[in-house]
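Encoded as structure tokens, the structure appears first; notes follow it.
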Amino acid sequence: MSTPITAALVKELRERTGAGMGDCKKALEATGGDLDKAAEKLRMDGAAKADKKASRTAAEGVLAVAGNDSAIAIVELNSETDFVAKGDEFRTLALMAAQAAHAEKPGDTEALVRLQAGERTLDDHRRGLIAKLGENMTIRRFAIVESAGGPLVSYLHPGDKIGVIVAMESGDVELARDLAMHIAAMNPRFLDASEISADVLATERRIIEATVAQEQADAKAEAEKFAAAIQEMDAEKQNGTYEGLSDEEKKGWDDDYAMIKKRLGGGFKPKPAEIITKMIDGRAAKFVNEVTLLGQPFVKSPDETVEKLLKSKNAKVARFVRFAVGEGIEKQETDFAAEVMAQAGIKS
Numbered sequence: 003m004s005t006p007i008t009a010a011l012v013k014e015l016r017e018r019t020g021a022g023m024g025d026c027k028k029a030l031e032a033t034g035g036d037l038d039k040a041a042e043k044l045r046m047d048g049a050a051k052a053d054k055k056a057s058r059t060a061a062e063g064v065l066a067v068a069g070n071d072s073a074i075a076i077v078e079l080n081s082e083t084d085f086v087a088k089g090d091e092f093r094t095l096a097l098m099a100a101q102a103a104h105a106e107k108p109g110d111t112e113a114l115v116r117l118q119a120g121e122r123t124l125d126d127h128r129r130g131l132i133a134k135l136g137e138n139m140t141i142r143r144f145a146i147v148e149s150a151g152g153p154l155v156s157y158l159h160p161g162d163k164i165g166v167i168v169a170m171e172s173g174d175v176e177l178a179r180d181l182a183m184h185i186a187a188m189n190p191r192f193l194d195a196s197e198i199s200a201d202v203l204a205t206e207r208r209i210i211e212a213t214v215a216q217e218q219a220d221a222k223a224e225a226e227k228f229a230a231a232i233q234e235m236d237a238e239k240q241n242g243t244y245e246g247l248s249d250e251e252k253k254g255w256d257d258d259y260a261m262i263k264k265r266l267g268g269g270f271k272p273k274p275a276e277i278i279t280k281m282i283d284g285r286a287a288k289f290v291n292e293v294t295l296l297g298q299p300f301v302k303s304p305d306e307t308v309e310k311l312l313k314s315k316n317a318k319v320a321r322f323v324r325f326a327v328g329e330g331i332e333k334q335e336t337d338f339a340a341e342v343m344a345q346a347g348i349k350s
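Going left to right, the sequence shown walks through residues 3 to 350 as my numbering numbers them.
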């Protein structure tokens, strides 16, 4: 005997599963009003919808943090559109994931999504929200930063698209917060030069060497172009072409000749090998400063580096983590017209 489908029963199922009212009513009707079976059906339906949407790129989303003085967790939850990412339910899921990561300290994202959040796992919550909102969603990554004895702070930039955690061995909270905002703005990849691998440095040096070589080749080609132009203009003076010009045309010709002569200078002179080496070394050192926190000019006082600032405050950073939503994800470019035509069965 089936149980009558009342509004109270639909509401109870919705509260248990988080599914939409319409989906809850359909599930109850399909299972004769059995709450447990209806909840299971919604889970199965949600899983099927989630699997269908799993191949769709989710590069939007938000970050959430949770923690205390001993450890802070940051989680990135992705969606397909920013519209969904701004919703309360989506943000609640992100916060639940951060709280679970902080409490349980899982080893990887697979372990994280299996954690309980209330009566369901995080993955169940995720699949249910996919079924409800119709977009692919992924708990992409997380990090946990533990205290290093000094201040431990987090910073979420307005919009929750950039998040930072800073752990200091020594220093004060105000400095730690300033550094967190600096990291959000300047995006250092490493704490200091010691964290940069030999492979990264070697790759950057090869890029710099190729760039310098191309600059030399371009300078030579430009000098040859100007030299050819001067030869052509000298010939115009000798063959009488110049004399046939009006006074206004002669003035323009003379101005062009003077400009080209100035640009040509003494012609192309290849830089000596030792100068080339110094240029490459200088640019490599600049790269290290640009990608390391300690080497960067401090955003609030650009005349000093972060390293000098820390020394003046007798402070030390142990570790930092910076997440930006969607970084490293290749977004799919959608041809809206082609998509509409495909849905309509029209061949382009």
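Don't be surprised by glycine CBs; every beta carbon is placed ideally from N, CA and C.
Contact check between the segment 166–179 and the segment 82–92: fewer than three CB pairs, one atom from each, fall below 8 Å, which does not count as touching. Counting the other Cβ atoms within 10 Å of the Cβ of residue 213 gives fewer than 16, which makes it exposed.
When beta bridges are read from the DSSP output, residue 118 appears opposite 123.
Distance between residue 118 and residue 206, taken at the CA atoms: about 44 Å. Taking residue 229 as the centre and dropping the five residues before and after it, the same chain places the C-beta of 266, 269 closer than 8 Å to its C-beta, in chain order. The criterion of a C-beta distance shorter than 7 Å is not satisfied by residue 152 and residue 139. If the five residues before and after residue 100 are omitted, its C-beta is found closer than 6 Å to the C-beta atoms of 66, 67, 68, 75, 77, all from its own chain and listed in chain order. DSSP places residue 296 outside both helix and strand once states are collapsed to three, so it counts as coil. In the DSSP assignment, residue 245 falls outside any beta strand (DSSP E) and carries neither an H nor an E. Looking at the DSSP output, residue 324 shares a beta bridge with 166. Residue pairing for residue 77: DSSP places it in a beta bridge opposite 66, 144. C-alpha of residue 285 to C-alpha of residue 198: approximately 16 Å in a straight line. DSSP places residue 306 in no alpha helix (DSSP H) but in the uninterrupted beta strand (DSSP E) bounded by 303–307. Taking C-beta atoms under 8 Å as the contact rule, residue 173 and residue 315 qualify, at a distance of about 6 Å.
Around the beta carbon of residue 5, a 10 Å sphere encloses fewer than 16 other beta carbons of the protein chains shown; the residue is thus reported as exposed. With a contact defined as Cβ atoms closer than 8 Å, residue 186 and residue 166 qualify at about 5 Å. Distance from the CA of residue 224 to the CA of residue 261, rounded to the nearest whole angstrom, comes to 14 Å.
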